[in-house]
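A short worksheet on the structure shown next.
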Amino acid sequence: MIAFIVRRVFASIGVMIAVGLIAFAMFRYVGDPVNQMVGVETSVAERAQLREELGLNDPAIVQALRFLSHAARFDFGVSYQFKEPVADLIGARMPATLELAFVASILSLLAGIPMGVYAALHRDSALSRLFQALSLIGISLPTFLTGILLITLFSVTLGWLPSFGRGEVVRLGPWWTTGFLTVSGLKSLIMPATTLALFQMTLIMRLVRAEMLEVLRADYIRFARARGLSESAIHFRHALKNTLVPVITIVGLQLGSIVAFSIITETVFAWPGMGQLFLQSIQNVDIPIMAAYLLFIALMFVIINLVVDILYVSIDPRLRASLHGMRG
Amino acid sequence: MSRADDLAKSGPAPPSLIARLRDNDLAASFLASKTTVAAGLIALILIVAGLAASLIAPTDPFNPAANFLMDSLTPPRFVAGGDPRFLLGTDDQGRDLWSAILYGLRISLMIGFLSVLLGGAIGVALGLIAGYAGGWIDSMIMRVADVQLTFPAILIALLLDGVAHALLQKSNREETAFLVLVAAIGLSFWVQYARTVRGSTMVEKNRDYVQAARLIGLKPTRILVRHILPNVMGPVLVIATINLAIAIITEATLSFLGVGLPPTEPSLGTLIRIGQNFLFSGEWWIVAFPSLALAVLVLSVNLLGDWLRDALNPRLK
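Sequence lines, in order, name chains S and Z.
The first sequence begins at 140 in our numbering and counts up one residue at a time.
The second sequence begins at 50 in our numbering and counts up one residue at a time.
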C-alpha cells in the first residue's frame with residue numbers, strides 16, 4: 140500500500156513537472172515577455188536592461204528551472220494587463236470559484252446518485268424514462284445555454300433571482316470572502332451552481348444507473364435474494380455499496396472538471412472568479428495568468444487523481460489483494 | 050468487418066444493396082427505433098440546410114452592404130411589429146436572423162466535422178503506431194496522452210486557442226479564427242481515439258493475418274493502413290459521432306465566450322453571444338432561435354451517437 144502511494148506520488152510529480160515545462164514554454168516563447176511589459180516609448184537600451192534583469196538571456200534550462208522553482212512558491216510573475224502579481228489576482232478570485240464549485244458538486248451528487256439508483260431499480264417506470272430523457276437533454280444542452288435559459292426564466296420573466304455577480308460578500312480573514320453568509324450572496328449562488336451542477340448531475344446519474352444495472356445482474360445479488368433478504372437490504376446494502384466503488388473514480392475526476400467548466404458559468408453570470416480571469420487573460424494574451432491558471436488546474440487534478448486512486452485501493456479489497464500479490 | 054468482406058468476395062456473387070441493407074443489423078436497429086429515425090432525419094435536414102445555406106437564405110449575413118442598420122432589432126414576422134421580410138426577426142446589425150442561423154449552422158457543422166476529422170486522424174495514427182510499435186514509442190505517446198487526459202477537453206481547446214491568438218498577428222486573427230478553432234478543438238480530442246485504437250491494435254497485431262502479412266514482407270505502414278486499420282475502425286466511428294456533438298458544443302462555447310469566431314462571421318455560438326446582451330431589453334428572438342437550432346442539432350447528433358454505440362456493442366445484443 141505504501142509502495143503504491145509512493146509510486147503514485149512520484150507519477151504525480153512527473154505530471155506537474157511536465158505541465159510546468161509547458162507553462163514555461165508558453166511564458167517564454169509565446170510572444171516576447173519584454174515587449175508585453177513595457178510601453179511603446181521604452182528605449183532599446185532599457186529593454187535590453189529589463190531583459191537582463193529578468194534573466195531572459197540565461198540559458199533556457201536555467202530559465203526553466205527558475206520558472207519551476209518560482210512556481211513552486213506560487214510566484215508567477217506580474218500580469219501584463221493588470222500590472223499586479225498573478226498570485227494575488229488569482230488568490231482574490233479563488234474563493235468565488237471554489238464556493239461555486241463546492242455547491243455545484245454537492246448538488247450534482249445529492250441529485251445525481253438518487254436519480255441513478257431510482258432509474259436502475261425501476262427501469263421501466265415513467266419517472267425513470269423522464270430521468271433518462273432529461274439526462275439526454277442535460278448532456279446535449281451546452282452549459283451556457285442552460286445558464287441563459289435560467290436567467291430568462293428566473294431573472295427576466297419572474298424577477299426572483301439576480302442574474303450576475305456574487306451579491307454581498309463577507310470577508311473572513313485576509314484570504315477568504317464568502318457569499319454563504321448573506322441572503323443576496325446565497326440568492327446569487329442558486330442559478331450559477333445549478334447551471335454548473337446540471338451537466339455533472341446527468342453524467343453521475345447515467346453512470347450510477349449503468350453501474351447499478353450491472354451489479355444487480357451479479358451472482359451475489361441472486362444469492363442474497365435466495366437467502367430471503369429484503370429488497371431494500373439487497374438494493375442498498377449489497378448493490379449500492381458495490382456500485383459506488385467505480386463511481387468514485389469518475390465522480391472524483393468530474394468534480395475536478397467542475398472548476399474548469401466554471402469558466403463558462405462564470406462568464407454567463409458575471410461571477411467574479413478565476414475562470415473569468417482566465418478567459419480575460421486569453422482575450423488579452425496575458426500569458427503569466429494563463430500559465431498560472433494552467434498550473435493551478437493541473438495541481439488540482441493531480442491531487443484529485445491521487446486521492447481517488449488511494450481511496451479506490453482502500454475501499455476495494457480486491458485491488459488491495461492484487462497489490463499485495465504484485466509485491467509478493 | 051473487412052475480413053468478412055474479403056470472405057464475401059471470394060464466395061458467390063454478392064447480394065444486392067437492398068438485400069444487404071435488409072439483412073444488415075445496423076440498418077435494422079436504426080429503423081427499429083422511432084427516436085433514432087427522427088434524430089437521423091432531423092440531423093439530415095440540418096446538415097442539408099447548412100450546406101445549402103447560400104441557396105436557401107434570403108440574404109447574405111456576411112455581406113455588410115446587404116444589411117441595413119435601420120432594420121436592426123426587428124421582431125420575427127409572426128409577432129406584432131414584425132416585418133414580412135424577416136422570418137425570425139433581425140439582430141442588432143440588421144442581419145436577417147433566419148439567414149444568419151443557416152450560415153451559422155454551416156459554420157458550426159463544418160468546424161465540427163473538420164475538427165473530428167483532424168482529431169480522429171491524429172488519434173488513430175498515433176494509436177496505430179503506439180500499439181504496433183510498442184516499446185518506448187508506445188510509452189512516450191501514451192504518457193503525453195495521460196497528461197492531456199488530466200485536463201477537460203474544453204480547457205485544452207481554450208488554451209490552444211489562446212496560444213494561437215498570441216502567436217498570430219492581431220490583423221489576421223479574424224481570417225485565421227476558423228482554422229484556429231478547428232485545430233484547437235481537433236487537438237483536444239485525439240487522446241480518446243489513440244487509446245481505443247492502441248488497445249485494439251495490440252490485439253490485432255498478434256492475429257494470424259497480420260503475421261501472414263508480415264511474413265510475405267509487407268512494409269509496416271502497409272500492414273497498418275490496409276490490414277489493421279479496417280479492423281479497428283468500429284469503435285472509432287462511435288467515438289467520432291459522440292465527439293461530433295461535443296465538437297459542435299465546444300465551438301459554440303468558445304464562440305460564446307468570445308474567443309471563437311468573430312461577430313462578422315457568426316456561428317451559432319456567436320449569435321447567442323450577441324443575443325445574450327438583449328435578454329433584458331426584450332429582444333428575445335436573437336438568443337432564442339440560434340439556441341434552439343444549436344440544441345436540436347446537438348440533441349439529434351447525440352441520439353445518433355447513442356444508437357450507434359448500442360448497435361455496435363456486442364455485449365448489449
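Positions of the beta carbon are idealized from the N, C-alpha and C atoms, including for glycine.
Review point. Residue 139 (chain Z) bridges to which residues according to DSSP?
Key: Z:145
Point to revise | Contacts of residue 440 (chain S) in chain Z (Cβ-Cβ under 8 Å) | key: 199 and 200
Practice item. Have a look at residue 283 (chain S) and residue 299 (chain S) and give me their C-alpha separation to the nearest angstrom. Key: 20 Å
Review point. Does residue 210 (chain Z) have its Cβ less than 8 Å from a Cβ in chain S?
Key: yes
Review point. Quick one: Cα of residue 352 (chain Z) to Cα of residue 311 (chain Z), how far?
Key: 30 Å
Review point. Going straight from the alpha carbon of residue 252 (chain Z) to that of residue 200 (chain Z), what length do you get?
Key: 28 Å
Exercise for review: Spell out whether any CB of chain S is found under 8 Å from the CB atom of residue 308 (chain Z).
Suggested key: yes
Exercise for review: Please say whether residue 331 (chain S) and residue 285 (chain S) have beta carbons closer to each other than 8 Å?
Suggested key: no
**Study point:** Interface partners of residue 225 (chain S) on chain Z, CB under 7 Å
**Key:** In chain order: nothing, as chain Z lies at least about 15 Å away.
Point to revise | Contact residues within the stretch 410–422 of chain S, judged by C-beta distance below 9 Å to chain Z | key: 417, 418, 420, 421 and 422
**Study point:** Residues that DSSP places opposite residue 311 (chain S) in a beta bridge
**Key:** S:315
Review point. By a C-beta neighbour count over all protein chains shown, 10 Å radius and 16 as the cutoff for buried, is residue 329 (chain Z) buried or exposed?
Key: exposed
**Study point:** Residue of S:435, S:160, S:426 and S:155 minimising C-alpha distance to residue 210 (chain Z)
**Key:** S:426
Exercise for review: Taking C-beta pairs closer than 7 Å, name the residues in chain Z that residue 278 (chain S) reaches, listed in chain order.
Suggested key: 351
Point to revise | Nonlocal neighbours in the same chain, by C-beta distance under 8 Å from residue 140 (chain Z), ignoring five residues either side | key: 121, 122, 146, 149, 320, 323, 324 and 335
Check your understanding: Any C-beta of chain S sitting closer than 8 Å to the C-beta of residue 241 (chain Z)?
Key -> no
Practice item. Answer with buried or exposed for residue 266 (chain Z), where buried requires no fewer than 16 other C-beta atoms within 10 angstroms of its C-beta. Key: exposed
Point to revise | Under 9 Å by beta carbon: chain Z residues contacting residue 396 (chain S) | key: 200, 201, 203 and 204
Exercise for review: Note down, in chain order, every chain Z residue with its Cβ under 9 Å from the Cβ of residue 156 (chain S).
Suggested key: Simply none; closest approach about 10 Å.
Check your understanding: Around the Cβ of residue 393 (chain S), are there at least 16 other Cβ atoms within 10 angstroms (buried) or fewer (exposed)?
Key -> buried
Check your understanding: Under a three-way DSSP split, which group does residue 145 (chain S) fall into?
Key -> helix
Practice item. Measuring alpha carbon to alpha carbon, tell me which of S:317, S:352 and S:304 ends up nearest residue 406 (chain S). Key: S:304
Practice item. Report yes or no: do the stretch 161–171 of chain S and the stretch 424–441 of chain S share at least 3 C-beta pairs separated by less than 8 Å? Key: yes
Exercise for review: Please report how far the alpha carbon of residue 171 (chain Z) lies from the alpha carbon of residue 78 (chain Z), in whole angstroms.
Suggested key: 31 Å
**Study point:** Within 8 Å, strictly: CB atoms of residue 179 (chain Z) and residue 206 (chain Z)
**Key:** no
Review point. What residues in the stretch 324–346 of chain Z have a beta carbon less than 8 Å from any beta carbon of chain S?
Key: 325, 328, 329, 333, 336, 340, 343 and 344
Practice item. Determine, using beta carbons only, whether residue 207 (chain Z) comes closer than 8 Å to chain S. Key: yes
**Study point:** Which residues DSSP lists as bridging residue 295 (chain S), in chain order
**Key:** Beta-bridge pairing links residue 295 (chain S) to no other residue.
Exercise for review: Sort Z:308, Z:340, Z:333 and Z:313 by Cα distance to residue 415 (chain S) and report the nearest one.
Suggested key: Z:308
**Study point:** Members of the stretch 289–314 of chain Z that neighbour chain S once the beta carbon cut-off is set at 8 Å
**Key:** 294, 298, 301, 302, 305, 306, 307 and 308
Review point. Using DSSP with H/G/I as helix, E/B as strand and the rest coil, what is residue 539 (chain S)?
Key: Here chain S covers residues 140 to 467 and nothing more, so residue 539 (chain S) does not appear.
**Study point:** Under the three-state DSSP convention, the category residue 217 (chain S) falls into
**Key:** strand
Exercise for review: Take residue 187 (chain Z) and list the residues in its own chain whose beta-carbon comes closer than 6 Å to its own, dropping the five residues that flank it on each side.
Suggested key: 179
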